[in-house]
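In my numbering, the protein residues as written are 2 to 386. Built from N, CA and C at the ideal position, the CB exists for glycine as well.
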Amino acid sequence: MSDSGSKIIKVSDWWRGLDPWLLSAFLVLLIGGAVLSFAASPPVAERIGLQPFHFVERHIFFLIPSAIVMFACSLLTPRGVQRAAIIMLGVSLLLMIMTLFIGTEIKGARRWLDFGVLNIQPSEFMKPAFVVVCAFLFAENARRSEIPGNLCALILLLVSVALLVAQPDLGQTLLVAATWGGLFFMAGMPWLWIALLAAIGLTGAFFAYEVFDHVASRIDRFFTGEGDNYQTDTAREAILNGGWFGQGPGEGTVKRLLPDSHTDFAFAVVAEEFGIITCVVLAAVFAFVVMRGLSVAVSQRDIFVRLSISGLVFIFGLQSIINMAVNLQLIPAKGMTLPFISYGGSSMIAISISAGFVLALTRRRPENRSYTDRLMERTALIHGV
Numbered sequence: 002m003s004d005s006g007s008k009i010i011k012v013s014d015w016w017r018g019l020d021p022w023l024l025s026a027f028l029v030l031l032i033g034g035a036v037l038s039f040a041a042s043p044p045v046a047e048r049i050g051l052q053p054f055h056f057v058e059r060h061i062f063f064l065i066p067s068a069i070v071m072f073a074c075s076l077l078t079p080r081g082v083q084r085a086a087i088i089m090l091g092v093s094l095l096l097m098i099m100t101l102f103i104g105t106e107i108k109g110a111r112r113w114l115d116f117g118v119l120n121i122q123p124s125e126f127m128k129p130a131f132v133v134v135c136a137f138l139f140a141e142n143a144r145r146s147e148i149p150g151n152l153c154a155l156i157l158l159l160v161s162v163a164l165l166v167a168q169p170d171l172g173q174t175l176l177v178a179a180t181w182g183g184l185f186f187m188a189g190m191p192w193l194w195i196a197l198l199a200a201i202g203l204t205g206a207f208f209a210y211e212v213f214d215h216v217a218s219r220i221d222r223f224f225t226g227e228g229d230n231y232q233t234d235t236a237r238e239a240i241l242n243g244g245w246f247g248q249g250p251g252e253g254t255v256k257r258l259l260p261d262s263h264t265d266f267a268f269a270v271v272a273e274e275f276g277i278i279t280c281v282v283l284a285a286v287f288a289f290v291v292m293r294g295l296s297v298a299v300s301q302r303d304i305f306v307r308l309s310i311s312g313l314v315f316i317f318g319l320q321s322i323i324n325m326a327v328n329l330q331l332i333p334a335k336g337m338t339l340p341f342i343s344y345g346g347s348s349m350i351a352i353s354i355s356a357g358f359v360l361a362l363t364r365r366r367p368e369n370r371s372y373t374d375r376l377m378e379r380t381a382l383i384h385g386v
């Protein structure tokens with residue numbers, strides 16, 4: 002069966018067509034997150050009365066299904082990615098609606114569903130599916146103007162944003178809206194739409210500031226420096242304490258004072274124990290994933306594939322930038338994880354799905370090879386080489 006018609010491919014074909022650079026970068030982050038969890042997680046576990054390596058064990062526990070999910074998703078063809086994303090988006094939105102009624106409330110927000118042994122955050126799984134489905138809608142609108150793909154994508158954005166705001170999760174709302182805008186721009190958005198969406202974005206930001214007290218408080222604390230800035234101030238102190246080369250594995254002291262050192266502020270722990278140089282290397286890996294993904298996307302003939310790759314690496318990179326910027330006190334606190342590095346089962350598995358989609362879409366396929374390459378391959382098969 003052809004690549005365009007089948008949902009999945011043979012493992013041998015997968016290996017030959019895989020982009021080794023992107024795979025290596027994802028594996029470095031996946032394994033690096035498990036290693037770094039030994040530095041970031043034990044102090045938090047001890048502080049709340051758990052075994053020192055409670056979060057480390059759970060991080061490693063989620064490492065196995067994450068790797069399996071990444072591999073399984075990377076086997077999909079573009080059509081398989083599209084169908085998987087549609088199903089995952091539908092399920093995620095349904096679970097997000099359920100979260101508003103029966104979700105577990107933590108720190109005033111309902112973002113999680115408790116299934117006994119597992120707490121699931123549906124919005125994490127919504128993000129990669131949302132990107133792929135919007136890319137499909139924009140692509141269909143570009144192929145056939147009679148299909149209202151842009152309008153459907155806008156409706157999907159409004160539904161997703163409404164559910165995120167209702168939780169509330171304004172950090173994820175900003176991330177999803179910015180990614181949607183980036184996709185729309187890459188799909189050929191007119192300048193009038195750019196101005197209109199910018200105005201809507203500013204209006205939404207003002208609305209959030211006026212309506213949500215915690216948003217106003219974070220922004221005010223960021224600009225004035227007054228109030229409870231304990232976490233961000235402590236994170237900055239941890240980064241400064243690490244210097245260029247760090248205090249050494251397990252030797253960090255400021256990290257023990259960070260309540261969310263294993264999640265939102267894992268980057269600060271990395272800086273304290275392994276140094277600023279390690280942080281620069283880590284940031285370079287995230288940047289490489291984005292640049293490599295975009296460079297491969299540019300060469301794609303299929304607009305759906307091109308937009309999907311671009312959107313997936315865009316949201317991956319933007320989430321990384323937001324987390325690191327919060328740790329460095331460059332922007333107000335957002336409560337967003339660092340992909341693959343921060344603790345969180347839903348986040349790790351969802352990002353692995355996103356990485357698998359990227360690997361599947363960037364895989365070299367017969368229709369993307371030159372005529373000369375295909376001719377040489379046919380000649381080799383004929384002569385049994």
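Taking 8 Å as the threshold (C-beta atoms), are Ala85 and Leu77 in contact?
Position 76 of the sequence shown, counted from the start, is the residue given in the question as residue 77. Position 84 of the sequence shown, counted from the start, is the residue given in the question as residue 85. Yes, the pair counts as a contact, with Cβ atoms nearer than the cut-off.
Mind checking whether Phe315 and Gly183 have CB atoms under 8 Å apart?
Mapped onto the sequence shown, residue 315 falls at position 314. Mapped onto the sequence shown, residue 183 falls at position 182. For Phe315 and Gly183, yes; Cβs fall inside 8 Å.
Three-state secondary structure (DSSP) at Asn142?
Along the sequence shown, one-based indexing puts residue 142 at 141. In this structure, DSSP gives Asn142 a helical state, which the three-state scheme calls helix.
What does the alpha-carbon distance come out to for the pair Ala239 and Asn151?
Counting from 1 along the sequence shown, the entry for residue 239 is found at position 238. Counting from 1 along the sequence shown, the entry for residue 151 is found at position 150. Computed Cα separation, rounded: 45 Å.
Could you tell me whether the Cβ of Val314 comes closer than 8 Å to any Cβ of chain B?
Any reference to chain B falls outside this structure, which holds one protein chain only.
CA-to-CA distance, Ala356 to Arg397, given in whole angstroms:
Outside the displayed range of the chain (2 to 386) lies residue 397, so it cannot be described from this structure.
What's the gap between the Cα of Val29 and the Cα of Ile342?
Locating residue 29 in the sequence shown gives position 28, counting from the first residue. Locating residue 342 in the sequence shown gives position 341, counting from the first residue. Approximately 10 Å between the Cα atoms of the pair.
For Thr180, report the span of its alpha helix (DSSP H) as first-last.
Indexing the sequence shown from 1 puts residue 180 at position 179. Residues Leu171 to Met187.
Are at least three pairs of beta-carbons, each pair with one atom in the stretch 102 to 113 and one in the stretch 261 to 280, less than 8 Å apart?
no
Just verifying my parser: in three-state terms, what is the DSSP assignment at Glu106?
The sequence position of residue 106 within the sequence shown is 105, counting from 1. DSSP, reduced to helix, strand and coil, places Glu106 within a strand of the structure shown.
Burial state of Gly345 (16 or more Cβ within 10 Å):
Residue mapping note: residue 345 aligns to position 344 of the sequence shown, counting from 1. Gly345 is buried by the Cβ-count criterion.
Under 8 Å, with one C-beta from each stretch per pair, do the stretch 123 to 140 and the stretch 302 to 320 reach the 3-pair mark?
yes
With respect to the alpha helix (DSSP H) encompassing Ser262, which residues constitute its N-terminal and C-terminal limits?
If you number the sequence shown from 1, residue 262 lands on position 261. First-last for Ser262: undefined, no H or E at that position.
Bridge partners for Leu24 per DSSP, in chain order?
The residue you call residue 24 lines up with position 23 of the sequence shown. For Leu24, which the question treats as bridged, DSSP gives no partner whatsoever.
Excluding five sequence neighbours on each side, which residues of the same chain lie with their C-beta closer than 7 Å to the C-beta of Ser321?
Here residue 321 refers to the residue found at position 320 of the sequence shown. Phe287, Leu339 and Pro340, listed in sequence order.
Compare the Cα-Cα distances from Glu58 to each of Ile69, Pro44, Val45 and Phe39 and report the closest residue.
Position 57 of the sequence shown holds residue 58. It is Phe39 whose Cα lies nearest to the Cα of Glu58.
Would the beta-carbon of Ala154 fall within 8 Å of that of Leu176?
Taking the sequence shown and counting its residues from 1, the one referred to as residue 154 is at position 153. Taking the sequence shown and counting its residues from 1, the one referred to as residue 176 is at position 175. Their beta carbons are not under 8 Å apart, which means Ala154 does not touch Leu176 by this criterion.
Taking Ile201 as the reference, which of Ser25, Val162 and Gly253 has the closest Cα?
Position 200 of the sequence shown, counted from the start, is the residue given in the question as residue 201. Considering only alpha carbons, the answer is Val162.
Measure the alpha-carbon distance for Val82 versus Ala140 and round it to whole angstroms.
Within the sequence shown, the letter at position 81 stands for residue 82. Within the sequence shown, the letter at position 139 stands for residue 140. Spanning the two alpha carbons is a distance of roughly 14 Å.
Using only the alpha-carbon positions, how far apart do Pro123 and Ile88 sit?
Stepping through the sequence shown from its first residue, residue 123 is reached at position 122. Stepping through the sequence shown from its first residue, residue 88 is reached at position 87. One C-alpha to the other measures close to 13 Å.
Does the pairing of the stretch 346 to 355 with the stretch 109 to 122 give three or more beta-carbon distances under 8 Å?
For the pair of segments examined, the stretch 346 to 355 was found to touch the stretch 109 to 122: the number of CB pairs separated by less than 8 Å reaches three.
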